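Going line by line, the protein sequences match chains X and B.
Residue 3 is where the first sequence starts when you use our numbering, and the numbers rise one by one after that.
Residue 3 is where the second sequence starts when you use our numbering, and the numbers rise one by one after that.
Take a look at the structure set out below.
There are 2 protein chains.
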Amino acid sequence: MGLDDRKLAVLRAIVEDYVSTQEPVGSKALVERHQLGVSPATVRNDMAVLEEEGYIRQPHTSAGRVPTDRGYRLFVDRLSRVKPLSPAERRAIERFLVGAVDLDDVVHRTVRLLAQLTRQVAVVQYPSLARSSVRHLELVPISTTRLMLVMIADTGRVEQRLVELPGPVPADDVMDLRRLVNEKLAGERLSDTPPLVQALVEEAPAGLRPTMATLATVLLETLVERHEERIALAGTANLTRGGLLDFQGSLRPILEALEEEVVLLKLIGETEPSTTRVLIGDENEFDNLRAASVVSTGYGPGTTILGGLGVLGPTRMDYPGNIATVRAVARYVGELLAQN
Amino acid sequence: MGLDDRKLAVLRAIVEDYVSTQEPVGSKALVERHQLGVSPATVRNDMAVLEEEGYIRQPHTSAGRVPTDRGYRLFVDRLSRVKPLSPAERRAIERFLVGAVDLDDVVHRTVRLLAQLTRQVAVVQYPSLARSSVRHLELVPISTTRLMLVMIADTGRVEQRLVELPGPVPADDVMDLRRLVNEKLAGERLSDTPPLVQALVEEAPAGLRPTMATLATVLLETLVERHEERIALAGTANLTRGGLLDFQGSLRPILEALEEEVVLLKLIGETEPSTTRVLIGDENEFDNLRAASVVSTGYGPGTTILGGLGVLGPTRMDYPGNIATVRAVARYVGELLAQN
DNA sequence: GACTGGCACTCGTTACAGTCGAGTGCCAGG
DNA sequence: CCTGGCACTCGACTGTAACGAGTGCCAGTC
C-alpha cells in the first residue's frame with residue numbers, strides 16, 4: 003500500500019506532463035520524457051498501483067492516465083517543489099505597484115495582474131470592513147429629513163448609506179451629531195463598535211436622541227451586520243483557454259459560481275492563518291466548482307490579514323507556479339497597504 | 003428591388019422562428035407555422051429574393067434560411083411590434099425597487115434584474131460623474147502630510163482619493179480648506195468646476211496657497227479628467243445558453259470584451275437622446291463583438307440622462323422583448339433616482 | 001524478488017461509403 | 001402571379017474497416 007519513491011516520481015511525472023500537454027500520458031511517453039531509469043513495462047506496473055490507490059485514472063481503456071483530484075492533492079502536498087518567480091514576473095509585480103492612487107485602483111490593478119500572471123481567473127477581496135478601523139464618519143445633509151452617512155476606514159475603504167430621519171433636523175444638530183459620533187467611534191475597530199454605538203444613543207442629549215437612535219440603527223446595519231464585503235474579478239476569458247477540455251465542456255456552472263459574491267468570499271475569504279490554501283476539484287464545497295481548483299491566501303500589512311485573494315482555474319493547472327504567484331502578489335499588496 | 007408586404011412578412015416569420023427554435027427555417031415549416039396564405043414554393047421565391055438582397059442566408063445548400071445582421075436590422079426597424087411586458091415582469095421590476103439602500107445597491111439590483119429578465123448579459127453604468135453635481139467635499143487627515151479627499155455627488159456616488167501634501171498642514175488649516183472648497187464647489191456640476199478650482203487657488207490666503215494648489219491638481223485629475231466611470235455586469239453565465247451555437251463556438255472574444263470597461267462604456271454609455279439603441283452584429287465597432295448584439299438606453303430622472311444600461315447577447319435574440327425590458331428598467335431606475 | 005521484452009487485447013479515432021431526407025431552384029401549367 | 005411537381009444538393013447519420021496508442025499479463029532474465 004505504501005508508495006515507494008519511484009511510484010511517487012511516476013505520479014509527479016504524470017501530473018507535470020498532463021498539465022503541460024493537456025493529454026493523457028502513457029507509459030512510453032513517460033520514460034522518454036523523464037529519466038526514470040526503468041522500462042515502460044515497469045512504469046505500467048507502477049501506474050496500475052497508482053490507479054488502484056485512486057491517484058490516477060484512465061479516461062478510457064486504450065488511453066493514457068490522467069491524475070485524479072486525489073493525485074493532484076498528493077502532488078501539491080508532497081511532490082511539488084516551490085517554483086521561484088521569473089524576473090519578468092517579479093518586475094511585472096513591482097511595476098504594477100507604482101502609480102496606484104486609490105484603494106479601488108490598487109484592487110483593480112492587483113486582480114488584473116494576478117489574472118495576467120497566472121492566466122487564470124483572479125479574485126481579490128477588498129480589505130474586510132470587519133478588520134478595519136473607523137477613520138472618520140461624515141454626515142452630509144441631503145434634505146432636512148435625510149442624511150448621507152459616509153464612513154472612511156483606515157484601509158481606505160469608503161462606505162456610504164442614506165439615512166431617513168424621523169423628523170427635520172437643523173444644520174447645527176447635524177454638526178453636533180457628527181462631533182459626537184466621531185468622538186466616540188473614530189479609531190475604533192469596526193467589530194468593537196456595537197456597544198459604543200449603543201452608548202452613543204444613551205449618552206446623547208435629549209433633543210438629539212431620536213435622531214441618534216435612527217442613525218445608530220443604520221450604523222450598525224451598514225457597518226457591522228451587513229458585512230459589506232466587496233470583490234473584484236478578472237480574467238474570466240482565461241476560462242476558455244484549453245478549449246472545452248477543461249471544465250468538461252461547460253463553462254456554465256463556473257460562470258454561475260463566479261457571479262455569486264457569497265461563493266467567491268467563501269473561496270478566498272476564509273482567512274485562516276497566513277498560509278496558502280489550495281482547493282482541488284471536489285474538495286470544493288460548491289458543486290458548480292467541482293471541476294475547478296482554487297489557490298488562495300490572505301493579504302495585509304505585516305501579519306494581520308485584511309482580506310483574501312486567489313485564482314481559480316481547471317484542476318489541471320500549474321499549482322507550483324500559481325501558488326508562488328499568489329503568494330508573491332499577496333505579499334506585495336500587503337506592503338503597499340502598509341504604506342497608507 | 004422593393005420588398006412587398008409578403009416578403010416582409012416572410013422575413014419577420016423567419017426571424018421569429020429562428021429566434022425561438024434556433025434552427026434554420028425552411029419554406030415548408032414556415033407556411034405551417036404562420037398564416038401566410040401561400041404555398042411553400044411561393045415562399046421559396048420570396049426567400050430567394052430576400053437572400054439576394056442580403057437579408058437572409060443559407061448556412062449550407064440543403065439547409066433552411068437564417069437571418070443576416072442586415073435582416074435583423076430590417077426586422078428591428080420596421081417589422082417588430084412593441085412587446086408589452088408581462089405582468090410578472092412588471093411585478094419583478096417593482097419588487098426590486100423596494101429596499102435598495104444605496105447607490106451600489108440600486109446598481110447591483112438593477113443589473114441582476116436586467117440579466118434575469120432578459121436572460122442575457124446585463125451592463126449598467128453608474129451615474130456619470132460628468133453629469134453629477136458636487137454635494138459635499140470632505141477632507142480627512144490621514145497624517146500631517148496626507149489627506150483623504152472624499153467627494154459626494156448628488157447622484158449618490160462617492161469618490162475618494164489620497165492627497166500627498168507638499169508639507170505638514172495643521173488641523174485648523176484643513177478645516178479652512180474644507181470650508182473654502184465647499185463654499186466654492188458645492189452644488190456645482192462637475193463639468194463646470196475647472197475654472198472654479200482655478201479660482202480657489204488664486205483666492206486662497208497666502209499660507210494655504212501651496213496646499214490648495216496640490217489639492218486643486220488632485221481635484222481636477224480625479225473629478226474631471228480621469229472620468230471615473232464605473233460599470234456593473236451580471237449574467238455572463240447566460241452566454242452559455244444555446245450551447246455553442248451562438249457566438250460561433252467561442253466565448254473567448256466576448257468575455258475579453260466584457261472585461262474592458264472602455265468597451266462597455268462605448269457600448270452602453272453613448273448617451274444620445276433618450277432613445278433605445280440597438281447594435282446588431284457587425285454594426286458593432288469592436289471585432290470581438292461582431293457575433294453579438296447590444297440593446298441599450300440611457301436612464302436618469304425625468305429627461306436628463308445620468309448613465310446608460312443595456313444587455314448584450316447573441317444576434318439571435320428576442321429584440322422586441324429585450325428592447326421593452328431595457329426601456330422599462332431604465333424608466334424605473336430613473337424614477338428611483340429621482341427620489342433621492 | 002524486481003525488472004523487462006513480448007504479445008494479445010481493448011477501444012477510441014479516423015476514413016470511407018452509402019443512405020436518408022430536408023430543403024432548394026426551376027419549370028410548366030393554371 | 002401563384003402552385004404543384006421534380007430533379008438536385010449536401011449535411012447528418014450509420015455501418016464497416018483499418019489503425020494505433022496504450023494497456024495487462026506472462027514468461028524469462030539478472
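Glycine residues also receive a C-beta, built at the ideal position from the N, C-alpha and C atoms.
Every value quoted in this text rests on a predicted model; they were computed, and no experiment measured them.
For residue i and residue j, I'd like the C-alpha separation in whole angstroms.
i: Arg-67(X); j: His-110(B); result: 45 Å
i: Asp-174(X); j: Ala-206(X); result: 15 Å
i: Glu-161(B); j: Arg-180(B); result: 16 Å
i: Ala-208(B); j: Leu-149(B); result: 20 Å
i: Met-3(B); j: Glu-55(B); result: Low local confidence applies: a pLDDT of 49 at Met-3(B) is under 50, so the model's placement there is unreliable, with the coordinate-based value given in what follows. So the two alpha carbons sit approximately 8 Å from each other.
i: Val-113(B); j: Ser-22(B); result: 24 Å
i: Asp-284(B); j: Gly-271(B); result: 19 Å
i: Gln-118(X); j: Gly-237(X); result: 7 Å
i: Thr-278(B); j: Gly-244(B); result: 26 Å
i: Gly-323(X); j: Tyr-20(X); result: 15 Å
i: Val-12(B); j: Asp-320(B); result: 17 Å
i: Arg-329(B); j: Thr-146(B); result: 50 Å
i: Thr-306(X); j: Ile-233(X); result: 19 Å
i: Gly-304(B); j: Gln-341(B); result: 11 Å
i: Leu-87(X); j: Ile-325(X); result: 10 Å
i: Thr-120(X); j: Val-152(X); result: 37 Å
i: Ile-16(X); j: Arg-35(X); result: 10 Å
i: Leu-76(B); j: Lys-9(B); result: 12 Å
i: Leu-339(B); j: Thr-224(X); result: 20 Å
i: Asn-286(X); j: Arg-211(B); result: 58 Å
i: Asp-7(B); j: Val-126(B); result: 38 Å
Starting from residue i, follow the alpha helix (DSSP H) in both directions and report where the run begins and ends.
i: Leu-13(B); result: 7–23
i: Leu-32(X); result: 29–35
i: Ala-330(B); result: 321–340
i: Val-40(B); result: No alpha helix (DSSP H) contains Val-40(B), which DSSP labels as neither H nor E.
i: Val-199(X); result: 195–205
i: Arg-83(B); result: Neither: Arg-83(B) is in no alpha helix (DSSP H) and is coded neither H nor E.
i: Ala-117(B); result: 105–120
i: Val-265(X); result: 263–271
i: Arg-92(B); result: 89–99
i: Thr-219(B); result: 211–221
According to DSSP, residue i sits in a beta bridge with which residue or residues?
i: Gly-309(X); result: Tyr-301(X)
i: His-138(X); result: Ile-154(X)
i: Gly-67(B); result: The sequence shown places Arg at residue 67(B), not Gly. Note: Arg-67(B) sits in a beta bridge opposite Val-27(B).
i: Ile-58(B); result: Pro-69(B)
i: Glu-166(X); result: Arg-148(X)
i: Ile-282(B); result: Ser-295(B)
i: Val-160(B); result: Ile-154(B)
i: Arg-191(X); result: Ser-135(X)
i: Leu-314(B); result: Val-123(B) and Val-296(B)
i: Pro-143(X); result: Leu-149(X)
Beta strand (DSSP E) containing residue i: first to last residue?
i: Val-2(B); result: In the structure as shown, chain B begins at 3 and stops at 342. Residue 2(B) is therefore absent and cannot be evaluated.
i: Leu-235(X); result: 233–236
**Prompt:** Which residues, in chain order, does the stretch 225–241 of chain X contribute to contact with chain B at a C-beta distance below 8 Å?
**Reply:** Here the close residues are Ala-236, Gly-237, Thr-238, Ala-239 and Leu-241.
**Asked** Pairing CB atoms from the stretch 219–228 of chain X with CB atoms from the stretch 193–207 of chain B, are three or more of them under 8 Å?
**Response** Output reads no: the stretch 193–207 of chain B does not touch the stretch 219–228 of chain X.
**Asked** In chain order, what residues of the stretch 253–265 of chain B put their CB closer than 7 Å to some CB of chain X?
**Response** Answer in chain order: Leu-253, Arg-254, Leu-257, Glu-258 and Glu-261.
**Contact between the stretch 187–194 of chain B and the stretch 157–176 of chain B (3+ Cβ pairs under 8 Å)** = Counting Cβ pairs under 8 Å, fewer than three are found: no touch.
**Prompt:** Within the chosen definition, does the stretch 136–148 of chain X reach the stretch 326–333 of chain X through at least 3 CB pairs nearer than 8 Å?
**Reply:** Counting Cβ pairs under 8 Å, fewer than three are found: no touch.
**Request:** Return the residues of the stretch 127–153 of chain X that lie within a Cβ-Cβ distance of less than 9 Å from chain B, sorted by chain order.
**Result:** If the cut-off is 9 Å between Cβ atoms, the stretch 127–153 of chain X has Arg-137, His-138, Glu-140, Val-142, Pro-143, Ile-144, Arg-148, Met-150 and Val-152 near chain B.
**Asked** Hey, is the stretch 298–306 of chain X in contact with the stretch 89–100 of chain X, meaning 3+ C-beta pairs nearer than 8 Å?
**Response** No: fewer than three Cβ pairs fall under 8 Å.
**Item:** Segment contact, 8 Å Cβ cut-off, at least three pairs: the stretch 62–76 of chain X with the stretch 15–33 of chain X
**Value:** By the Cβ criterion, the stretch 62–76 of chain X is in contact with the stretch 15–33 of chain X, since at least three pairs of Cβ atoms, one from each stretch, lie closer than 8 Å.
**Message:** Taking beta-carbon pairs under 7 Å, can you tell me which members of the stretch 103–116 of chain X lie near chain B?
**Reply:** Hits within the stretch, in order: Val-103 and Asp-104.
**Prompt:** What residues in the stretch 160–179 of chain X have a beta carbon less than 9 Å from any beta carbon of chain B?
**Reply:** For the stretch 160–179 of chain X, which is checked against every Cβ of chain B, the residues closer than 9 Å are Val-160, Glu-161, Gln-162, Arg-163 and Leu-164.
**Request:** Spell out a yes or no on whether the stretch 246–264 of chain X and the stretch 278–297 of chain X are touching, meaning 3 or more CB-CB pairs, one atom from each, closer than 8 Å.
**Result:** Inter-segment contact for the stretch 246–264 of chain X and the stretch 278–297 of chain X is present: three or more beta-carbon pairs are separated by less than 8 Å.
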